[in-house]
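Under the UniProt record's numbering, think of the first position of the sequence shown as 1, with each following residue one higher.
Glycine included, every Cβ here is placed at the ideal spot set by N, Cα and C.
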Amino acid sequence: MGIAPLLPGRLGFGTAPLGNMFRAIPDDEARATVEAAWDHGIRYFDTAPFYGAGLAETRLGEVLAGKPRDSYVLSTKVGRVILDEHETDTPDFGEKGGLFEHGNPNKIVHEWTADATERSIEDSLKRLGTDRLDIVWVHDIAQDFHGDQWLQKFEEARTGAFRVLTRLRDEGVIRAWGLGVNKTEPIELTLALDEPRPDGFLLAGRYTLLDHDHALQRLLPAAREQGVDMVVGGPYSSGILAGGTHFEYQEAPAEIVERVGRLKSLADKHGVSIKAAALQFSLAHPATAAVIPGATRPSRIAEDTAALGEEIPEAFWTELRAANLVSPAAPLPHGA
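#1: Once you ignore the five residues that flank A302 on each side, which residues in its own chain have a CB closer than 6 Å to its CB?
#2: Below 7 Å CB to CB, which residues in the same chain sit around W317 once its five sequence neighbours on both sides are set aside?
#3: Could you tell me the boundaries of the beta strand (DSSP E) in which E311 lies?
#4: Can you list, in chain order, the stretches of the beta strand (DSSP E) that have 3 or more residues and sit fully within the stretch 31-63?
#5: Could you give the C-beta distance for G52 and N104, rounded to a whole number, given that I count them as a contact under 8 Å?
#6: Whose C-beta lies closer than 8 Å to the C-beta of P310 among residues of the same chain, with five residues either side of it excluded?
#7: Take the Cβ of L203 as the centre, count every other Cβ of all protein chains shown within 10 Å, and call the residue buried at 16 or more, exposed below.
#8: What residue from L325, V73, V181, N20 has the CA that sits closest to G79's CA?
#9: From E87 to L320, what does the alpha carbon distance come to, in whole angstroms?
#10: Less than 8 Å between the CB atoms is what I'm expecting for A222 and A4, so what's the real figure, rounded?
#11: By DSSP's criteria, W177 is part of a beta bridge. Which residues make up the other side?
#12: Return the chain-ordered list of same chain residues with a C-beta closer than 8 Å to the C-beta of residue 337, the five sequence neighbours on each side being excluded.
#13: Using DSSP's beta-bridge definition, name the partner residues of A204.
#14: Rounded to whole angstroms, what's the CA-CA distance from D199 to L179? Just pull it up for me.
#15: For K264, which residues does DSSP report across the bridge?
#16: Check this for me: beta carbons of L74 and D134, under 8 Å apart or not?
#17: From this set, K183, N20, G54, F100, which residue's C-alpha is nearest E122's C-alpha?
#18: Relative to the C-alpha of K107, which residue among T184, G234, T305, P49 is closest?
#19: Going by CA-CA distance only, name the one from D170, A287, S71 that's closest to D39.
#20: Grouping DSSP H, G and I as helix and E and B as strand, with all else coil, what is E171?
#21: Measuring CB to CB, does L266 end up less than 8 Å from A323?
#22: On a Cα-Cα basis, can you pick out the residue from L210, A215, R218 that is closest to S238?
#23: Please report the Cβ distance between R278 and P235, rounded to the nearest whole angstrom; I am assuming they are in contact, meaning their Cβ atoms lie under 8 Å.
#24: Taking the continuous alpha helix (DSSP H) assigned at S282, which residues delimit it?
#25: What does DSSP give as the partner residues of N106 in its beta bridges?
#26: Less than 8 Å between C-beta atoms, sequence neighbours within five positions excluded: which residues of the same chain meet that for A287?
#27: Thinking just about the alpha-carbon of each residue, which of L216, D144, T184, V136 is nearest to the one in W177?
#28: With a 10 Å radius around its C-beta and 16 neighbouring C-beta atoms as the bar for buried, classify P293 as buried or exposed.
#29: Please name the residue in E85, V81, L99 whose C-alpha comes closest to that of R23.
#30: Which residue wins for smallest C-alpha separation from G147, given the options E171, D170, E185, L168?
#31: Is K77 helix, strand or coil by DSSP?
#32: Measuring CA to CA, which of S282, L283, L325 is closest to R259?
#33: Measuring alpha carbon to alpha carbon, tell me which of R59, L128, P196 ends up nearest T33.
Rendered as structure tokens:
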């Protein structure tokens, strides 16, 4: 079936920030942000147990509990089981250290076995206050969290989570599954397998205005060949393309700040918002089914929906290409 037919639009809402990513967000602000997404017509919501050790799922579920279940699409992830006990040591999040230091204090177990997958789904259903999930992503079996051990984690997921999710999809318990990662290699490896067959992938941060060369080389051509859809997460590259200071979940290095400055100068010249350019670039690839930027303020949702509909002149894209600010292989809006 693929992912695209399940999605109610090309703009979804990523809830990682609701897990108190980078800062402690008041509950009322988090609730207002989800309500704003709903009011602006967004009907696809993505979350994960990892986001604040269950905090994002709980906050999202509290708002969606008041909405008709058949009116929206919901995805979460497996690979992290949230325990009732509190963490006493500094959690090891690989390259993403400190990302959710303001989240719930619960201990997180990183595991992709069959048993852990089923428990993770059960726990997510409780936190979300719902009776079913539409899409389940296998979360973070990649180098950024596991370094040289990532292939072992991938194998654990292949023989555990992949098989459980395939069965649940075949039984009609879930509608689709795939990988949700920040690196291209696990998806490339999955596409090369004879079985199982996922429906699509959530690729975060690897198909943006600032980082897309690697995805264009092998991953996206293979996805197109196999008819597999991509959901693009992190289209603003952790915020640097939306006026923030983070790139790859860290303070942006000087070369990235300089590149963003060049992008913004070109956008200003053509009267284009950088957010619109970022969203519409990610959506221009034919393998992209949707983008799911995150937000923690209602005003950001209004900006995202406006950016999606903003008219961007073809001359902007042409000049962007001429300035070598995008790959020659990247599809651009208007065919520029």
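In short:
#1: In the same chain as A302, and ignoring 5 residues on each side of it, no C-beta atom comes closer than 6 Å to its own.
#2: Only L332, P333, H334, A336 meet the Cβ criterion.
#3: DSSP places E311 outside any beta strand (DSSP E), giving it a letter other than H or E.
#4: Here the runs fully enclosed are 44-46.
#5: 6 Å between Cβ atoms; contact.
#6: Residue identity check: residue 310 is Glu in the sequence provided, not Pro. Excluding sequence positions up to five before and after E310, its CB lies within less than 8 Å of the CB of V272, S273, A276, Q280, all in the same chain and listed in chain order.
#7: L203 should be labelled buried.
#8: The residue with the shortest Cα to Cα distance from G79 is V181.
#9: Straight-line measurement puts the Cα of L320 at about 47 Å from the Cα of E87.
#10: In fact, because the Cβ distance is near 17 Å, the residues do not count as touching under 8 Å.
#11: Partner(s): V136.
#12: It is not possible to answer for residue 337, since the shown part of the chain is limited to 1 through 336.
#13: According to DSSP, which records beta bridges pairwise, A204 is partnered with G233.
#14: If you take the alpha carbons of D199 and L179, they lie about 9 Å apart.
#15: Listed as beta-bridge partners of K264 by DSSP are no residues whatsoever.
#16: In contact: L74 and D134 (Cβ atoms closer than 8 Å).
#17: When only C-alpha atoms are compared, the closest one is G54.
#18: The shortest C-alpha to C-alpha distance from K107 to any of T184, G234, T305, P49 is the one to P49.
#19: In terms of Cα proximity to D39, the closest of D170, A287, S71 is S71.
#20: Coil.
#21: Judged by their CB atoms, L266 and A323 are nearer to each other than the 8 Å cut-off.
#22: Closest by alpha carbon: L210.
#23: The amino acid at residue 278 is misidentified as Arg; the sequence shows Ala. Contact flag correct, Cβ pair sits at about 5 Å.
#24: Per DSSP, S282 is one residue of the alpha helix (DSSP H) stretching across 274-284.
#25: Answer is H86.
#26: These residues qualify, in order along the chain: L220, A223, R224, V228, D229, M230.
#27: Closest by C-alpha distance to W177, out of L216, D144, T184, V136, is V136.
#28: That one is buried.
#29: For R23, the nearest C-alpha among the options comes from L99.
#30: Answer by Cα proximity: E185.
#31: If DSSP states are grouped into helix, strand and coil, K77 belongs with the strands.
#32: For the residues S282, L283, L325, the minimum Cα distance to R259 belongs to L325.
#33: The residue from R59, L128, P196 with its alpha-carbon nearest to that of T33 is R59.
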